[in-house]
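Using my numbering, the first residue of the sequence shown is number 639, and each one after it goes up by one.
No residue lacks a Cβ here, since even glycine has one placed at the ideal position from N, Cα and C.
All values derive from a computational prediction rather than experimental measurement.
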Amino acid sequence: MDQFKNQIENQMQDYDNEEKDQILENFNRFKQFLSHKVDKGEKMGMSEEQLAKGAEMVANYLMKHEEPRNREEHLLQQLWKVADKEQQHTLAHLLVRLVQQ
Numbered sequence: 639m640d641q642f643k644n645q646i647e648n649q650m651q652d653y654d655n656e657e658k659d660q661i662l663e664n665f666n667r668f669k670q671f672l673s674h675k676v677d678k679g680e681k682m683g684m685s686e687e688q689l690a691k692g693a694e695m696v697a698n699y700l701m702k703h704e705e706p707r708n709r710e711e712h713l714l715q716q717l718w719k720v721a722d723k724e725q726q727h728t729l730a731h732l733l734v735r736l737v738q739q
């Protein structure tokens, strides 16, 4: 799992600031980005549990390295901060389901 975490962190770091800004400036764009990644993971045969673990890793990366750029991201950040690990995992599942629709 550490290898998977490192891979996600490396991918997130590979985006330049302009790309990150484009993804994070608008919540709908962020959802499109996440939807694309979830779709890619599904095509690779990843289960919802694996997708949620990936979403958790992305959320943890964003918490450490990025500031929210809109109200929705600010709300997600606040929820993530007050949640325990189990609640964060549930929130990650909900984000995956949100973008699967």
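Please look up how many angstroms separate the CB atoms of W718 and A693, rounded, as I've assumed it's under 8 Å. Here residue 718 refers to the residue found at position 80 of the sequence shown. Here residue 693 refers to the residue found at position 55 of the sequence shown. W718 to A693, Cβ: 11 Å. No contact.
Less than 8 Å between the beta carbons of E710 and F671, yes or no? Here residue 710 refers to the residue found at position 72 when the sequence shown is read from its first residue. Here residue 671 refers to the residue found at position 33 when the sequence shown is read from its first residue. Contact flag unset, no.
Spatial distance of R707 from M682 (CA atoms): Translated into the one-based positions of the sequence shown, residue 707 becomes position 69. Translated into the one-based positions of the sequence shown, residue 682 becomes position 44. Taking the straight line from one Cα to the other gives about 31 Å.
Neighbourhood of H727 by C-beta, 7 Å cutoff - its chain only, sequence neighbours within 5 removed: Position 89 of the sequence shown holds residue 727. Excluding residues within five positions, the ones whose Cβ falls inside 7 Å are A690, E694.
Does V676 pass the burial test, meaning 16 or more other C-beta atoms within 10 Å, or should it be called exposed? Numbered from 1 along the sequence shown, position 38 holds the residue referred to as residue 676. So V676 counts as buried.
Exposed or buried, F733, counting other C-beta atoms within 10 Å across all chains shown (16 or more means buried)? Locating residue 733 in the sequence shown gives position 95, counting from the first residue. Checking the sequence shown, residue 733 turns out to be Leu, not Phe. L733 is buried by the Cβ-count criterion.
Is R707 helix, strand or coil by DSSP? Indexing the sequence shown from 1 puts residue 707 at position 69. Of the three classes helix, strand and coil, the one that applies to R707 here is coil, per DSSP.
With distances taken Cα to Cα, identify the nearest neighbour of V737 among E663, E656, K678. Residue numbering aside, residue 737 sits at position 99 when the sequence shown is read from its first letter. Here the closest residue by C-alpha is K678.
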